[in-house]
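Undergrad: These protein sequence lines are chains A and B, in that order. Taking this note's numbering, I'd label the letters of the first sequence as residues 483 to 673. Taking this note's numbering, I'd label the letters of the second sequence as residues 483 to 673. Here a beta-carbon is modelled for each residue, glycine too, at the ideal position from N, C-alpha and C. A quick note: this is a predicted structure, and the numbers were derived from the prediction, not measured. I am attaching a structure below and will ask some questions about it afterwards.
Number of protein chains: 2
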Amino acid sequence: MNPNLIEYIKRYVNISQTEIDLFNSYLKPRTLKKKEFLLKEGQLCKSRYFITKGCIRLYYIDNKANEQILHFGIDNWWITDYESLINKIPSKLYIQATENTELLELAQENFEELCIELPKTERFFRIIMEKTYIASQKRLEYMFSLTGEELYHKFISSNPEFAQRVPQYMIASLLGMTPEFVSKIRANKKQ
Amino acid sequence: MNPNLIEYIKRYVNISQTEIDLFNSYLKPRTLKKKEFLLKEGQLCKSRYFITKGCIRLYYIDNKANEQILHFGIDNWWITDYESLINKIPSKLYIQATENTELLELAQENFEELCIELPKTERFFRIIMEKTYIASQKRLEYMFSLTGEELYHKFISSNPEFAQRVPQYMIASLLGMTPEFVSKIRANKKQ
DNA sequence: AAAAAATCTTAATCAAGATTAAGAAATACT
DNA sequence: AGTATTTCTTAATCTTGATTAAGATTTTTT
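Below is the structure:
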């Protein structure tokens with residue numbers, strides 16, 4: 483199995499080599515070229531994906547036909563459209579690579595089998611979901627409390643390396659602001 | 483055990499009467515008077531709570547000294563400050579009853595023991611976290627895509643009964659707007 | 001190297017919603 | 001019942017960030 487995923491799993495549960503091999507047998511490696519889609523609006527999302535290398539964005543098209551980015555996934559993140567996966571309804575999201583990306587696919591039917599064969603899978607994903615939810619709540623907090631400008635600076639200083647990896651207009655979208663406004667903020671800062 | 487919690491658990495996992503009794507033995511009933519606090523800023527959050535009756539709000543004090551409500555919990559919801567609970571750091575939140583409220587407390591140490599004695603507890607909470615996360619993402623989507631006015635109407639029409647249970651200024655806070663603006667929206671609607 | 005596509009910047013105008021400051025109405029308390 | 005507290009409303013002014021419309025710069029493709 484991918485060494486990063488092993489390390490990631492071991493951070494949260496005790497797992498033997500045999501169990502790692504079992505887990506791994508349910509995973510399918512995939513690669514995506516930059517701009518390739520993992521999922522498009524209308525499709526059923528049927529898998530969870532662990533990104534081993536690269537960058538993925540999840541976005542939807544809003545009522546003004548703008549791409550609204552919900553979040554990114556990078557190396558060592560699990561991503562999926564939970565709403566489509568869990569509720570088995572067509573996705574409203576696009577999941578697209580913003581770089582050439584390598585990931586491990588865990589199909590939901592494999593996930594369910596794995597949960598039976600290796601019950602600690604439940605624990606592992608329970609903990610991941612808690613972490614994911616905490617991150618999502620923190621983000622909501624920032625969106626409530628910070629001005630656009632503060633939000634931008636906070637994001638850039640918290641993710642300096644990542645900010646270099648994606649175009650500025652995508653960061654603007656993630657933060658819920660226009661690219662023009664981001665330009666304005668950056669121009670102010672430089673004085 | 484509380485019949486609502488039994489029904490709630492059975493919705494997601496198969497569970498026998500013996501197991502229900504085991505689960506129940508780890509729960510401690512609590513009551514809160516209106517305006518009483520379950521948690522205050524600076525305290526360690528050590529439990530998860532299942533609300534059987536009443537209403538709870540989770541809020542923090544922002545940098546302008548305003549109460550910013552993150553969300554409410556009502557009958558048949560699990561609530562806690564996950565950040566404090568999981569990361570074992572002092573809470574930034576206030577958790578307060580907005581009505582006389584009854585809940586079942588599951589202390590984190592009990593939770594951990596329960597996960598060992600009854601492993602399907604992991605599955606149950608994994609599924610709850612997924613549902614909770616989906617709700618949080620939907621909310622983010624609405625906040626990105628709707629104007630304040632749309633957000634307010636959407637909330638009221640989706641939660642007509644709840645809107646009667648809490649003061650308007652709390653709904654304003656939940657939606658990230660001022661009470662004055664909510665008054666304005668309501669005045670417009672009435673024409 | 002040239003052309004095309006993608007990304008970023010600037011600046012003027014506009015609008016959504018915040019702020020401020022009363023005052024009115026409703027609820028709770030004695 | 002009367003007072004105090006909480007909640008809600010109105011309206012004027014102000015601010016943040018969106019919109020619009022170019023044009024400049026960078027990156028990719030041929």
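(1) Just to confirm my understanding: we take Leu-540(B), look at its own chain, exclude 5 residues before and 5 after, and list those with CB closer than 6 Å. What are they?
(2) Express the C-alpha separation of Glu-604(B) and Gln-673(A) in angstroms, rounding to a whole number.
(3) If the criterion is Cβ atoms closer than 9 Å, does the pair Gln-550(B) and Asp-544(B) meet it?
(4) Taking just the CA atoms, how far does Gly-630(B) sit from Leu-657(B)?
(5) Which ranges would you report for the beta strand (DSSP E) in the region 576 to 620 of chain B if only whole runs of at least 3 residues count?
(6) What span of residues does the alpha helix (DSSP H) with Gln-646(B) cover, start to end?
(7) Taking 9 Å as the CB-CB cut-off, is Arg-605(B) touching chain A?
(8) Work out the CA separation of Glu-587(B) and Leu-487(B) for me, nearest whole Å.
(9) Following the continuous beta strand (DSSP E) through Gly-555(B), name the residue where it begins and the one where it ends.
(10) Would you kindly work out how many angstroms separate the C-alpha atoms of Leu-609(B) and Gln-619(B), rounded to a whole number?
(11) So is Lys-492(B) buried or exposed if we call it buried at 16+ other beta carbons inside 10 Å?
(12) Thinking just about the alpha-carbon of each residue, which of Cys-597(B), Gln-525(B) and Tyr-615(B) is nearest to the one in Ser-573(B)?
(13) Tell me the rounded alpha-carbon separation between Lys-570(A) and Tyr-615(B).
(14) When the distance is taken between beta carbons, is Ile-568(A) closer than 9 Å to Lys-613(B)?
(15) So which residues on chain B does Ser-573(A) lean against when the C-beta distance must stay under 7 Å?
(16) Is the shortest distance between the beta-carbon of Gln-550(B) and the beta-carbons of chain A less than 9 Å?
(17) Going by DSSP in three states, Gln-673(B) sits in which element: helix, strand or coil?
(18) Would you say Thr-660(B) lies against chain A (beta-carbon separation less than 9 Å)?
(19) Residues of chain A with CB closer than 7 Å to the CB of Met-611(B), please, in chain order.
(20) Are any of the Cβ atoms in chain B nearer than 9 Å to that of Gln-673(A)?
TA: In short, the structure shows the following:
(1) Hits under 6 Å: Leu-552, His-553, Leu-575 and Ile-577.
(2) A caution first: Gln-673(A) carries a pLDDT of 36, below 50, which makes its placement in the model too unreliable to give a value.
(3) Contact annotation: Gln-550(B) and Asp-544(B) have beta-carbon atoms nearer than 9 Å.
(4) Straight-line spacing of the CA atoms in Leu-657(B) and Gly-630(B) works out to 8 Å.
(5) If we require 3 residues or more, the beta strand (DSSP E) runs fully inside the region 576 to 620 of chain B come out as 576 to 579 and 583 to 589.
(6) That residue, Gln-646(B), is in no alpha helix (DSSP H); it is neither H nor E in DSSP.
(7) Yes, contact with chain A.
(8) Looking at the backbone, the Cα of Leu-487(B) and that of Glu-587(B) are separated by about 12 Å.
(9) From DSSP, the beta strand (DSSP E) with Gly-555(B) extends over 549 to 556.
(10) The amino acid at residue 609(B) is misidentified as Leu; the sequence shows Ile. Answer to the nearest angstrom: the Cα atoms are 15 Å apart.
(11) By the neighbour-count criterion, in which 16 or more other beta carbons inside 10 Å mark a residue as buried, Lys-492(B) falls on the exposed side.
(12) A check of alpha carbon separations from Ser-573(B) across Cys-597(B), Gln-525(B) and Tyr-615(B) identifies Gln-525(B) as the nearest.
(13) Cα to Cα, the separation comes out at about 16 Å.
(14) When the beta-carbon positions are compared, Lys-613(B) and Ile-568(A) come within less than 9 Å of each other.
(15) Going along chain B, no residue has its Cβ under 7 Å from Ser-573(A), so there is no contact; the nearest lies around 12 Å.
(16) Interface annotation, Gln-550(B): in contact with chain A, CB-CB separation under 9 Å.
(17) With a pLDDT of 37 at Gln-673(B), under the threshold of 50, the modelled position of that residue is not reliable, and no figure is offered here.
(18) For Thr-660(B), the answer is no, since every Cβ of chain A falls outside 9 Å of its Cβ.
(19) Below the 7 Å Cβ cutoff, chain A contributes Arg-608, Met-611, Glu-612 and Tyr-615 as neighbours of Met-611(B), in chain order.
(20) Any reading at Gln-673(A) must be qualified, since the residue scores a pLDDT of 36, below 50, and its modelled position is unreliable; the value itself is stated next. Contacts with chain B at 9 Å (Cβ-Cβ) do not include Gln-673(A).
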